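Worksheet for the structure shown next.
There are 2 protein chains.
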Amino acid sequence: MQKELTTIQKSILDFLIDQIKGKGIPPTLADVAKHFGYKNRATVQQHFQAIEKKGYIRKSPKLSRGIELTLEDKFFVPRPILGEVAAGNPLTIYPDAIDTIKLPTIAKMPQDSFLLKVKGDSLKDAYIFSGDIVIVNPNLEAKNGQIVVAILDDAAVVKRFYKKRSEIELVSENPEYNPIVIDKKYASFKVVGIVVGIYRSMEKKAG
Amino acid sequence: MQKELTTIQKSILDFLIDQIKGKGIPPTLADVAKHFGYKNRATVQQHFQAIEKKGYIRKSPKLSRGIELTLEDKFFVPRPILGEVAAGNPLTIYPDAIDTIKLPTIAKMPQDSFLLKVKGDSLKDAYIFSGDIVIVNPNLEAKNGQIVVAILDDAAVVKRFYKKRSEIELVSENPEYNPIVIDKKYASFKVVGIVVGIYRSMEKKAG
DNA sequence: TATGTTAACATACAAATGTATGGTAATTAT
DNA sequence: ATAATTACCATACATTTGTATGTTAACATA
Numbered sequence: 026m027q028k029e030l031t032t033i034q035k036s037i038l039d040f041l042i043d044q045i046k047g048k049g050i051p052p053t054l055a056d057v058a059k060h061f062g063y064k065n066r067a068t069v070q071q072h073f074q075a076i077e078k079k080g081y082i083r084k085s086p087k088l089s090r091g092i093e094l095t096l097e098d099k100f101f102v103p104r105p106i107l108g109e110v111a112a113g114n115p116l117t118i119y120p121d122a123i124d125t126i127k128l129p130t131i132a133k134m135p136q137d138s139f140l141l142k143v144k145g146d147s148l149k150d151a152y153i154f155s156g157d158i159v160i161v162n163p164n165l166e167a168k169n170g171q172i173v174v175a176i177l178d179d180a181a182v183v184k185r186f187y188k189k190r191s192e193i194e195l196v197s198e199n200p201e202y203n204p205i206v207i208d209k210k211y212a213s214f215k216v217v218g219i220v221v222g223i224y225r226s227m228e229k230k231a232g
Numbered sequence: 026m027q028k029e030l031t032t033i034q035k036s037i038l039d040f041l042i043d044q045i046k047g048k049g050i051p052p053t054l055a056d057v058a059k060h061f062g063y064k065n066r067a068t069v070q071q072h073f074q075a076i077e078k079k080g081y082i083r084k085s086p087k088l089s090r091g092i093e094l095t096l097e098d099k100f101f102v103p104r105p106i107l108g109e110v111a112a113g114n115p116l117t118i119y120p121d122a123i124d125t126i127k128l129p130t131i132a133k134m135p136q137d138s139f140l141l142k143v144k145g146d147s148l149k150d151a152y153i154f155s156g157d158i159v160i161v162n163p164n165l166e167a168k169n170g171q172i173v174v175a176i177l178d179d180a181a182v183v184k185r186f187y188k189k190r191s192e193i194e195l196v197s198e199n200p201e202y203n204p205i206v207i208d209k210k211y212a213s214f215k216v217v218g219i220v221v222g223i224y225r226s227m228e229k230k231a232g
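So the sequence lines, in the order shown, correspond to chains A and B. All residue numbers for the first sequence refer to the numbering used here, where the first residue is 26 and numbers rise by one. All residue numbers for the second sequence refer to the numbering used here, where the first residue is 26 and numbers rise by one.
See the structure below:
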C-alpha cells in the first residue's frame, strides 16, 4: 500500500499529472516552482523527493524533466468526467466532475480537453455505447466530416459536422436519420467541441 | 502541402515520434545525437531546423525538450498495425506492418505496445467492432478480469482472463459462450498481451 | 561555373537544470 | 523534552541543454 501524501504533495502530484497528461511533457523544477509561487527550485526538489519516496513518481537522476508517474501500474490515472451526453437528451457539463474514471496512460489528452460519459444507447449507430468515454477537444475548429458535440436549444447531439455555403448540417451515422440543418429556428447553436477519440475501459463493466 | 523530408530527416522525425509517443517525453539534442551516433549536437540542431522549416515539428525556443509534433493538425500520427485479430481465427503478427493507422495524439502508447486491427464482428459481444484498433501491451502480466489476447494452438482469442488455482480460464463477454479452460489439450498456450484500450477512429468509416 | 541544399564536424557560450548543503520555522510524534 | 517530519528559503556548483558561428565535403541545379 502506498503512503499518504500531504495536501501540498498531493497538489504537486496533481500538477505533474496535469502537465504530463495534458501538455505531454513533464515540467522542470523551475516550472513547478513558478506555478506554485515558490522562490526556489530546491523547495520543489524536496517535494519531489518526498513524493518519490512515497512511491508516486520515479525520477531519472540528472535528466531534465525526467519524471515518470507510477500510478496504478503506471497505466491508469484519475480523470474527471465533466458530464454525460446522449443524442437527443440534454448535455450537462458540470463545473465539478460528476465522476472520475481511471483513464489509461495511453490516453494522453490534449490540453483543455474534457471527458463526457455516454449514457444510453442512442449513439449505438456510431458504435458508441453506454458507458463509453468520449474525449472532447474544445479548442479545435470543426472541419467537415468530423464528429462534434453540439448544443441545439438545450439538447445535445453527437453528430458528424458538415459546413455548407450558408448552413451547417449535422449528419447522423445512421442513414435512417435525416440530417439536421442549422437555421434560424435554432435560437442557440454551439459546437461544444470535437470528439477526438473514444475510450472504453477494459475494466469490468456492468451488465 | 508539406514539403518532402529527406531520408535522414524522416528517420529523425520517426525517432522523435517514437520517443514522444512511446517514452512520453521528447528527447534532447544530445539524446538524438547519441542515438544516431553523431558526435555533435549541432548536427541534430540543424536537422531540427530543417524539419521545423518544412513544418513537421514546432520548437519552443530555449526550452529543453521543447519539441512538438505538428503532424496532421497535431492530432494524428502514423502508427503501424502489426496484424489482425478475430476470435476463433488465426492471429497473425507480422514483422512488418500490414497497414498504418493515423493514431490520434491522445493515444500515447506505452512502449513496446502494438496495435491489432479487429476484423469481423466476432468480438461484438464485447462491443468491439470490425475496424477497431486494440492497443496491446505485451509487457504486463495478466491479472484476473483483464482482457487479453491469447494464442491457443494457432488460434487467437480476445477474452477476459481468470487464473484459478491450477488452471486458467478465458471467459467471453457473452454469457452464451462457455469459458475456455486451459489444460493439457492445448499444446501451445500463450498470453500475447493485455488489451489496455481500444481506439476507434472518428474518421469516415466504411459501411 | 556558380549557387544552393544536405550532412556532417568543431568550438564557444549563456541559460536552464538538477543537485548538494545548510538554515529557519511550525507541527507532530516519541 | 527531544526527535522527526513538513515546508519553505538561500547559495553554490557541475552538467545539461539550446544556440550561434564557422568549416568541410558531397551533390544537385540553374
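Even glycine gets a Cβ: it sits at the ideal position worked out from N, Cα and C. Note that the coordinates shown come from a computational prediction; the quantities given were computed from them, not determined experimentally.
Please work out which residues of its chain come closer than 8 angstroms, Cβ to Cβ, to residue i, disregarding the five sequence neighbours upstream and downstream, and give them in chain order.
i: Lys35 of chain A; result: none
i: Arg90 of chain A; result: Ile50, Pro51, Pro52, Thr53
Give the straight-line distance between the Cα atoms of residue i and residue j, rounded to the nearest whole angstrom.
i: Ile160 of chain B; j: Val216 of chain B; result: 14 angstroms
i: Lys168 of chain B; j: Arg190 of chain B; result: 13 angstroms
i: Leu41 of chain B; j: Phe73 of chain B; result: 10 angstroms
i: Asp63 of chain A; j: Thr95 of chain A; result: In the sequence on display, residue 63 of chain A carries Tyr and not Asp. Computed Cα separation, rounded: 25 angstroms.
i: Lys78 of chain A; j: Asp43 of chain A; result: 21 angstroms
i: Ile131 of chain A; j: Pro163 of chain A; result: Because the pLDDT at Ile131 of chain A is just 37, under 50, the model does not fix this residue reliably, and the value given afterwards should be weighed accordingly. Roughly 20 angstroms between the two C-alpha positions.
i: Asp124 of chain B; j: Val220 of chain B; result: Only weak support exists for where Asp124 of chain B lies, its pLDDT of 46 falling under 50; the value from the coordinates is given anyway. Near 19 angstroms, if we compare the C-alpha coordinates of Val220 of chain B and Asp124 of chain B.
i: Val174 of chain B; j: Lys188 of chain B; result: 15 angstroms
i: Val206 of chain B; j: Phe214 of chain B; result: 11 angstroms
i: Gly80 of chain A; j: Gly170 of chain A; result: 45 angstroms
i: Ser48 of chain A; j: Thr68 of chain A; result: The residue you asked about is not Ser; residue 48 of chain A is Lys in the sequence shown. So the two alpha carbons sit approximately 23 angstroms from each other.
i: Lys87 of chain B; j: Phe61 of chain B; result: 23 angstroms
i: Ser85 of chain B; j: Glu192 of chain A; result: 39 angstroms
Can you list, in chain order, the residues of its chain whose CB lies under 7 angstroms from that of residue i, leaving out five sequence neighbours each side?
i: Ile76 of chain A; result: Leu30, Gln34, Ile37, Leu38, Ile82
i: Gln70 of chain A; result: Leu54
i: Asp208 of chain A; result: Glu192
From the options, pick the residue whose C-alpha is nearest to that of residue i; which is it?
i: Val183 of chain A; options: A:Ile92, A:Gly218, A:Lys59, A:Val57; result: A:Gly218
i: Arg185 of chain A; options: A:Pro204, A:Ile172, A:Ile42; result: A:Ile172
i: Val57 of chain A; options: A:Gly170, A:Glu192, A:Leu165, A:Ile92; result: A:Ile92
DSSP puts residue i in a beta bridge; with which residues?
i: Glu194 of chain A; result: A:Tyr187, A:Val206
i: Arg83 of chain A; result: A:Glu93
Can you list, in chain order, the residues of its chain whose CB lies under 6 angstroms from that of residue i, leaving out five sequence neighbours each side?
i: Pro204 of chain A; result: Glu194, Val196
i: Ile45 of chain B; result: Pro51
i: Thr32 of chain A; result: none
i: Arg278 of chain B; result: In the structure as shown, chain B starts at 26 and stops at 232, and residue 278 of chain B therefore has no counterpart that could be examined.
i: Leu165 of chain A; result: Ile219
List, in order along the chain, the chain B residues whose C-beta lies closer than 7 angstroms to that of residue i?
i: Ile50 of chain A; result: Ile50, Pro51, Arg90
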